[in-house]
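With the first letter of the sequence shown counted as 1, position 245 gets the number 245 in UniProt numbering; the numbers rise by one all the way through.
We put the beta carbon where it would ideally sit given N, CA and C, even for glycine.
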Amino acid sequence: MSRPDLLALTPQAIASVSNLGLVKRAQKELEQGKGPRLEELADGTVVGTFEDGNTARLLPGKSLKDSPCSCNSTTVCRHRVAVALAYPAFISASGPASAPEKAGESAPEPPWSPGSVEDKALEELIPRRSLERAWSLRERGYLAQVRRGTFVGEDLPTVSLATCTVRFLVPRNLGYARCDCSVGTGCEHLPLAIWAFRAADEKDPTSRELSVEVARGQVTSHEGGPAMDAASDLASFLLLEGAQHASTGLAGRFAVARSSLADVKMAWPLAALEELEELLGAYVGRGARYTPAKLSATLAELFARLRAARTSGAVPPRAVLGMDEAPETKLDYVRLVSLGARLFADGRERRAELVLADPASASLLVVRRAFTYAEDQTPEDGAELGRRQGAPGATLEALARGQVVTSGATRLPDRLVVISTRGLQRTSVTPQSGDWSLLPAPLRVKDVSALEASLRARPPRFLRPRQLAENVHAFEVSRVVDVSYSPGAQLVRAELEDASGHGFLVELAHRRVAPGALDALAEGLGGKRGALRYLSGEVRRTARGLVVEPLALSCEGSGVVVLDMQPATATGPLRTAGDKPPLEPLPAALAELEGYLADAVHQGLRHVVPAWGARLSTVAARVRELGMKRLAEEVGALATKLDAARASGLPGDEAALAAAWADAALRVTVGLEQLGP
1 MSRPDLLALT
11 PQAIASVSNL
21 GLVKRAQKEL
31 EQGKGPRLEE
41 LADGTVVGTF
51 EDGNTARLLP
61 GKSLKDSPCS
71 CNSTTVCRHR
81 VAVALAYPAF
91 ISASGPASAP
101 EKAGESAPEP
111 PWSPGSVEDK
121 ALEELIPRRS
131 LERAWSLRER
141 GYLAQVRRGT
151 FVGEDLPTVS
161 LATCTVRFLV
171 PRNLGYARCD
181 CSVGTGCEHL
191 PLAIWAFRAA
201 DEKDPTSREL
211 SVEVARGQVT
221 SHEGGPAMDA
231 ASDLASFLLL
241 EGAQHASTGL
251 AGRFAVARSS
261 LADVKMAWPL
271 AALEELEELL
281 GAYVGRGARY
291 TPAKLSATLA
301 ELFARLRAAR
311 TSGAVPPRAV
321 LGMDEAPETK
331 LDYVRLVSLG
341 ARLFADGRER
351 RAELVLADPA
361 SASLLVVRRA
371 FTYAEDQTPE
381 DGAELGRRQG
391 APGATLEALA
401 RGQVVTSGAT
411 RLPDRLVVIS
421 TRGLQRTSVT
431 PQSGDWSLLP
441 APLRVKDVSA
451 LEASLRARPP
461 RFLRPRQLAE
471 NVHAFEVSRV
481 VDVSYSPGAQ
491 LVRAELEDAS
501 GHGFLVELAH
511 RRVAPGALDA
521 LAEGLGGKRG
531 ALRYLSGEVR
541 RTARGLVVEP
551 LALSCEGSGV
561 VVLDMQPATA
571 TGPLRTAGDK
581 PPLEPLPAAL
591 AELEGYLADA
601 VHQGLRHVVP
611 AWGARLSTVA
621 ARVRELGMKR
631 LAEEVGALAT
641 KLDAARASGL
651 PGDEAALAAA
661 WADAALRVTV
671 GLEQLGP
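Below is the structure:
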C-alpha cells in the first residue's frame, strides 16, 4: 500500500507549504545518507525516525502542518519535510511488495478535479466564519481563471482569483491546497476556487484553461449607473476641452467621480481616472510623464470600460470594471525572484520599478521606489541610483538582482507590492544564481511562437486588468544570432533564438537615466559576461514579430545583470546598422491616425485647428484603400460630426462628437495591437 498524496508532492510543492531552506537542507541530508528510517503502518501513517531521536508521523488525510512530530514544532519542521521527501524513494525500494496492488489495477483513474469536492467536505475543513465570507462572495458573484493540471512536476490545478491564487498540490487532499493570501490554508478562497472548478467542469470539461463567472452579478444602473455617468461626463468634457484648456480647476470634479467609482468598487475605471488626473498634473508642471499619446490612450480606455460595462460581451462587466479586486491583499510567506528593474526620470524625480516573480503563483509583482532631489542636488542615474536603499539592509541593485523572502508583503490591485518590516514581519534579500529554470510558464518562455499565440488571443488592453509588468517574461536563450548598433536611433538591436529555435528581436534605446544599459547589453550578448542563459524583458507584438525590451540578463558566472543599473563602460565596436526598417503601409497609416486622434485630445475637439479635419479625412482615405473600410467610415463620421458640432454648438452634437472620437480611437488601438506598431 502506498500514499498517493505523498507521492504527488514535489520538492517545489513541499517548499511552498514550508520554505525553500528546509527543503534544501533535507535534500542535502538525504544525499549524505542522513535521512530518516521510514515505516508505513497499516492505516497509511508514515513514520520517520531520525538519528536525533525525533519521530515525525505523516497521517492520512492530513497536511504536513497538521501531522505530529516529537520536536513539537508548531510549523512545518525539517523532520516532516525530510519524511515527505524520502517517501518516494522508500516506495520505489519496496517495489516488489507493492506488486500485488499494481497487478490489481485495471485502468488509470481519470484526472481528479477539485470541482468534485462536495460542500459537506468544505464545511468540515473550513472555519465557519471563513465559509460564511465565501458564501457572501459567491452571492455577490466573482470571476476566476481556472487552469487544470496533471499533478506532474509543476503542472498543478490552479485558480487565479482577483485577490489571490489557489493551487491544489495533491489530488483528493484539500489539506495540501495552498493560497498565497496571508492565511495560506483553510481560508475563504479555497471554497471559491472549488466552486470555480465546479463551474468550469460544467462549462467545458476538456479545456485546459478557461475563465468562469460564478453566480454572475450584473452591473445595473441602480448600483453603478450614476458612478459611470459621472466618469463618462468628465471624460467627455476632457475630450472636448483638451489638455490645453481643461488641465486646471478640475480637482472637484475628479474628486466626485473618484469617490463614486470607489463606492461601487470599480477598480479599473477608477485607476484610469486617477491616471488621467496625474497626466494633466504632469502637463501643468511640464513633467516628462505627460504625452498626448498617453492621455489619448487612457481616455480611450476609460470610454471602453464604461461602454463594455453596459453591454454583454466576451469579457464580463465585472472583469472590465475590476469589481472583484480588493483594495489590498496581505500575502503569506512568499519567496520572490527578481527579473530586473527599469529606471525612470522626470525632472528632478527618479523612479525605480523592480519586477519580482512569484514562482508559486506564476505571477509578477512590482516594487516601486521614488526619489525627489532638491534644487541644490544633482539627480542620480544608473549605478548611482542603484546604490540607494531598496529594502532593509539591501540596495536597489541588490534587490533587483537577488531574491526576496518576506512575510510582510501587501499586494495592491495593479500588482504593486508594499513590503513592511513592522512587528514580527520579516524580510530578507539574498543573491540569486540567475537560474530561472524553476519559473513556471508563462513567466519563463521556451517557445516564443506559443507566447505570440497567447498574446494574440488576449482581449484588447483597454479591457484587460490594469496590471503592472503584465508583458514581462524571462526568455530561455539558446543562441545569439546577431547584434548591431544604430547610431542615429542610439539603439542596440539583436536577434536571438529561444530554446525551441524560434527567433525573436531584442531592442534597447539609450536613455539618460540609464547611461550604462546599452554597453552592458552589448557585453552580455557578446559573451563578455559569460554565456547568456536567460533574458528578461517587456515584450510587444510588432509587424516584425515579437520584440523584447530587456530588463536584465542571466549570464553563466555573472549571475543577474540589471541593465539600467550598470555603470557606463567602453565596449568594443559593434556592427553598425541602419535605423528601424520603415513600417508597412497599414501600420504606418494607423500610427499616423493614432497621432491625429492624440492631437485632438491635447487641443480639445472644440479647439482643434481647421486643418485637422482635412488631415483626418486624407488618412481615412488611405486606410480605406488598404482595406479597413469600417475604420475609414468611423473616421469619416468623426470629421462630419466635428463640422456639425462647430456649426450648431449644441450639447447633443458635441456628445455625438465625443462618441465618434471614442469609436475611432478604440478601433485604431485594436488594429495596432493586431498588426504591431
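Just so you know, the alpha carbons of residue 482 and residue 550 end up roughly 16 Å apart.
Closest in alpha carbon position to residue 404, among 414, 412, 419, 411, is 419. The segment 309–323 makes contact with the segment 267–277, as at least three CB pairs between them are under 8 Å. Contact between residue 56 and residue 48 is confirmed by a C-beta separation of about 5 Å, below the 8 Å threshold.
The beta-carbon separation of residue 459 and residue 315, rounded to 5 Å, stays under the 8 Å limit for a contact. In this model, residue 485 and residue 478 are separated by some 22 Å (Cα to Cα). A residue is called buried when at least 16 other Cβ atoms come within 10 angstroms of its Cβ; residue 641 meets this threshold and is buried.
Proximity of the segment 588–597 to the segment 500–514 falls short of the contact definition, fewer than three beta-carbon pairs being nearer than 8 Å.
In its chain, beyond the 5 residues on either side, 382, 515, 516, 519 have a beta carbon closer than 8 Å to the beta carbon of residue 568.
Taking every protein chain shown into account, the CB of residue 465 has 16 or more other CB atoms within 10 angstroms, so this residue is buried. Shown here, residue 264 sits in coil according to DSSP, grouped into three states, outside any helix or strand.
Separation of residue 371 and residue 565 (C-alpha to C-alpha, rounded to the nearest whole angstrom) is 15 Å.
If you look at residue 500, you'll find it isn't in any beta strand (DSSP E); DSSP assigns it neither H nor E.
Taking a contact as a CB-CB distance under 8 Å, the pair residue 302 and residue 273 counts as one, their CB atoms being some 7 Å apart.
A check of alpha carbon separations from residue 249 across 209, 475, 612, 281 identifies 281 as the nearest. In the three-state scheme derived from DSSP, where H, G and I count as helix and E and B as strand, residue 94 is classed as coil. Where residue 403 is concerned, the enclosing beta strand (DSSP E) starts and stops at 402–406. Setting aside the 5 residues that flank it on each side, residue 78 is surrounded in the same chain by 22, 25, 26, each with a C-beta closer than 8 Å to its C-beta; the list follows chain order. The Cβ-Cβ distance between residue 295 and residue 243 falls below 9 Å. If the five residues before and after residue 199 are omitted, its C-beta is found closer than 6 Å to the C-beta atoms of 212, 214, all from its own chain and listed in chain order. A residue is called buried when at least 16 other Cβ atoms come within 10 angstroms of its Cβ; residue 188 meets this threshold and is buried.
Using a Cβ-Cβ distance cut-off of 8 Å, the segment 438–457 and the segment 600–611 are not in contact, since fewer than three pairs of beta carbons, one from each stretch, lie closer than that value. Using a 10 angstroms sphere on the CB of residue 290, the tally of other CB atoms reaches 16 or more, which defines it as buried. The C-alpha of residue 210 lies about 51 Å from the C-alpha of residue 374.
For residue 197, the enclosing alpha helix (DSSP H) has its first and last residue at 189–203.
With a cutoff of 9 Å on beta-carbon distance, residue 58 and residue 84 are scored as near each other. In the DSSP secondary-structure assignment, residue 482 is bridged to 495. Across the set 402, 521, 545, 17, the C-alpha of 17 shows the shortest separation from the C-alpha of residue 181.
A residue is called buried once 16 or more other Cβ atoms fall within 10 Å of its Cβ, and residue 53, having fewer, is exposed. Following the DSSP letters along the chain, one finds residue 142 inside the beta strand (DSSP E) bounded by residues 142–147. Counting only residues of its own chain and dropping the five nearest sequence neighbours on each side, residue 433 has a CB closer than 8 Å to the CB of 559. Judged by DSSP in its simplified three-state form, residue 237 adopts helix. Taking a 10 Å sphere around the C-beta of residue 36, we find 16 or more other C-beta atoms and assign the residue as buried. Residue 87 and residue 38 have their C-alpha atoms roughly 8 Å apart. Counted as a single uninterrupted DSSP element, the alpha helix (DSSP H) harbouring residue 595 occupies residues 585–603. Closest by C-alpha distance to residue 34, out of 140, 2, 201, 82, is 82.
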